[in-house]
Amino acid sequence: QTTRLWGGRFSGGPSDALAQLSLSTHVDWRLARHDIAGSRAHARVLYASGLLTGEELETALAGLDRLEADVESGAFTPVLEDEDVHTALERGFIERVGPELGGRLRAGRSRNDQIATLIRMYLREQSRAIAGELLDLATALADQAEANIDVVLPGRTHLQHAQPVLLAHHLMAHAWPLVRDVQRLRDWDQRAAVSAYGSGALAGSSLGLDPESVAAELGFTEAAENSIDGTSARDTVAEFGFVSAMAGVDLSRLAEEVILWATAEFSFVTLDDAFSTGSSIMPQKKNPDIAELARGKSGRLIGDLSGLLATLKGLPLAYNRDLQEDKEPVFDAVDTLRLLLPAMTGMVATLTVHGERMAELAPRGYTLATDVAEWLVRQGVPFREAHEIAGACVRTCEKRGVDLNELSDDELAAVSAHLTPDVRQVLTVAGSLESRASKGGTAPVRVREQLGRLRDEIARH
Ligand code: ARG
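Counting from 8, one number per residue, gives the positions in the sequence shown under the UniProt record's numbering.
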């Protein structure tokens, strides 16, 4: 007795090479629980359509319960002859309830509508776990922001000192993209909440089954409008791949800054021992491996998405076996994020921030030059001219090797008559920060409000 689901029209078995190539249980076995849940729902619609008696339904459900327990305990596992998770579980089901009832369960469904449904069930479940882990990281960033609410650092553009900003403002600029990734997962989940069960191989079923009741039992909001679309679309999987890749890129950008900040040259942060690694030869080393792995694995997540899209491109309708290749990349994306996120959260939560060092560098590189220009604008000077004047101050400072607030009254006046000693009011980091008080700005009052809104947004999900 073969476990194959399609032997009837063949006179011989498949070649070894084909059997090996065809095998997918090493990948899709993780869908076993969802496959069994689908079988339960399917047994119920078979009963509702009169294709199973009440007694058969009870026996089938009890058999599925036993099968699930055996899958969970490891007592039942796929064997080499089982082509995929569906084949293996049908074998297990038949072993438990006998060939007569065991053979009835497949009526009105196909592995094509099964797999299209199961992957959505699995990814929807994982999306919730990943969203929770993304929010944990956003919370760790918010906590560091709050714990270091007064710390200033030189904000950068082009990696050059630009204007002073609050560290909290900077950290939250990493948290908001993570919150948007969570929003993306939530939006995605609504589109993914469509069951393909009942689509059959591609054309639907003639057995009078009720796809909507299967959909409801499996936690979907509805059944597919179109059985061809139901079995052959994988945009849902690709979109999940995109959100994963985007989250990977967001992690990578945060990681890159942690790597820079932990260098001797920056000395902005120290990594906790539990979240850094040593060198096998250099005893003094403390390496930011978590951040580097985040940066590296973002490439892998992008690759998962590219691979998925390349698989889908040019596929004719409806189901093609190529579609089996959707699972490895998207499972890899799930596994990668679920490894990375807790490590990143731990690394961020345990960072020691060197606020004095950041503050010391905040005004360096003439980061207050924009404040001079904007002060001049408030005195009625056109911005074009104000920009020139502030630039000339920087030139003078560079020549003399001093900072903007160290220019004498005479030196200021020599640059421009508009530069009265009053300009010094804005030549402090604190003054510069406070002046940037429009919505979204780095002024301490705005940043505190922002922190509240970030916390609210995190709590909302
Ligand atoms: N294992 C397949 C997949 O993952 C489902 C099986 C469909 N096979 C078939 N010959 N129609 O897509």
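We put the CB at the ideal spot given by N, CA and C, even for glycine.
Does DSSP classify residue i as helix, strand or coil?
{"i": "residue 167", "result": "strand"}
{"i": "residue 5", "result": "Coverage of the chain is limited to positions 8 through 468, which leaves residue 5 absent and any answer about it impossible."}
{"i": "residue 349", "result": "helix"}
{"i": "residue 205", "result": "coil"}
{"i": "residue 324", "result": "coil"}
{"i": "residue 230", "result": "strand"}
{"i": "residue 71", "result": "helix"}
{"i": "residue 284", "result": "strand"}
{"i": "residue 85", "result": "coil"}
{"i": "residue 409", "result": "coil"}
{"i": "residue 61", "result": "helix"}
{"i": "residue 45", "result": "helix"}
{"i": "residue 276", "result": "strand"}
{"i": "residue 430", "result": "helix"}
{"i": "residue 290", "result": "coil"}
{"i": "residue 162", "result": "strand"}
{"i": "residue 54", "result": "helix"}
{"i": "residue 397", "result": "helix"}
{"i": "residue 376", "result": "helix"}
{"i": "residue 344", "result": "helix"}
{"i": "residue 446", "result": "coil"}
{"i": "residue 18", "result": "coil"}
{"i": "residue 415", "result": "coil"}
{"i": "residue 157", "result": "coil"}
{"i": "residue 13", "result": "coil"}
{"i": "residue 40", "result": "helix"}
{"i": "residue 112", "result": "coil"}
{"i": "residue 402", "result": "helix"}
{"i": "residue 76", "result": "helix"}
Report the CB separation of residue i from residue j in whole angstroms; it is logged as a contact under 8 Å.
{"i": "residue 127", "j": "residue 243", "result": "6 Å"}
{"i": "residue 537", "j": "residue 333", "result": "Nothing in the structure corresponds to residue 537, since the chain is present only between 8 and 468."}
{"i": "residue 30", "j": "residue 90", "result": "6 Å"}
{"i": "residue 181", "j": "residue 374", "result": "At roughly 21 Å, the Cβ-Cβ gap does not stay under 8 Å, so residue 181 and residue 374 are not in contact."}
{"i": "residue 347", "j": "residue 300", "result": "7 Å"}
{"i": "residue 251", "j": "residue 185", "result": "Not confirmed; about 13 Å, so no contact."}
{"i": "residue 71", "j": "residue 352", "result": "With a Cβ gap of about 38 Å, residue 71 and residue 352 do not count as contacting."}
{"i": "residue 92", "j": "residue 39", "result": "6 Å"}
{"i": "residue 134", "j": "residue 225", "result": "Not really, about 15 Å apart at Cβ, beyond 8 Å."}
Could you pull the start and end residues of the alpha helix (DSSP H) that residue i belongs to?
{"i": "residue 193", "result": "174-199"}
{"i": "residue 133", "result": "118-154"}
{"i": "residue 27", "result": "23-29"}
{"i": "residue 357", "result": "No alpha helix (DSSP H) holds residue 357; DSSP gives it neither H nor E."}
{"i": "residue 388", "result": "Premise fails: residue 388 is in no alpha helix (DSSP H) and is neither H nor E."}
{"i": "residue 268", "result": "242-268"}
{"i": "residue 100", "result": "92-104"}
{"i": "residue 424", "result": "That residue, residue 424, is in no alpha helix (DSSP H); it is neither H nor E in DSSP."}
{"i": "residue 451", "result": "451-467"}
{"i": "residue 35", "result": "32-35"}
{"i": "residue 368", "result": "362-368"}
{"i": "residue 318", "result": "296-319"}
{"i": "residue 440", "result": "436-442"}
{"i": "residue 212", "result": "No alpha helix (DSSP H) holds residue 212; DSSP gives it neither H nor E."}
{"i": "residue 222", "result": "218-224"}
Buried or exposed: residue i, going by 16 or more other Cβ atoms within 10 Å of its Cβ?
{"i": "residue 288", "result": "exposed"}
{"i": "residue 157", "result": "exposed"}
{"i": "residue 329", "result": "exposed"}
{"i": "residue 413", "result": "exposed"}
{"i": "residue 408", "result": "exposed"}
{"i": "residue 17", "result": "exposed"}
{"i": "residue 390", "result": "exposed"}
{"i": "residue 7", "result": "Since the first residue shown for the chain is 8 and the last is 468, residue 7 is missing from the structure and cannot be characterised."}
{"i": "residue 151", "result": "buried"}
{"i": "residue 255", "result": "buried"}
{"i": "residue 35", "result": "buried"}
{"i": "residue 231", "result": "buried"}
{"i": "residue 292", "result": "exposed"}
{"i": "residue 216", "result": "buried"}
{"i": "residue 268", "result": "buried"}
{"i": "residue 87", "result": "exposed"}
contact_flag[the stretch 109-125, the stretch 193-212] where n(CB pairs < 8 Å) is 3 or more: yes
Meets three-Cβ-pair contact criterion under 8 Å: the stretch 151-163 and the stretch 176-186: yes
Are at least three pairs of beta-carbons, each pair with one atom in the stretch 363-373 and one in the stretch 278-290, less than 8 Å apart? no
Is there contact between the stretch 374-392 and the stretch 335-351, where contact requires at least three CB pairs shorter than 8 Å? no
The stretch 41-60 in contact with the stretch 218-225 per 3-pair CB rule at 8 Å: yes
Is there contact between the stretch 446-461 and the stretch 423-430, where contact requires at least three CB pairs shorter than 8 Å? no
Quick check: the stretch 23-37 against the stretch 101-114, are there 3 or more CB pairs under 8 Å? no
Assess contact between the stretch 233-247 and the stretch 318-329, defined as three or more Cβ pairs (one per stretch) separated by less than 8 Å. Is contact present? yes
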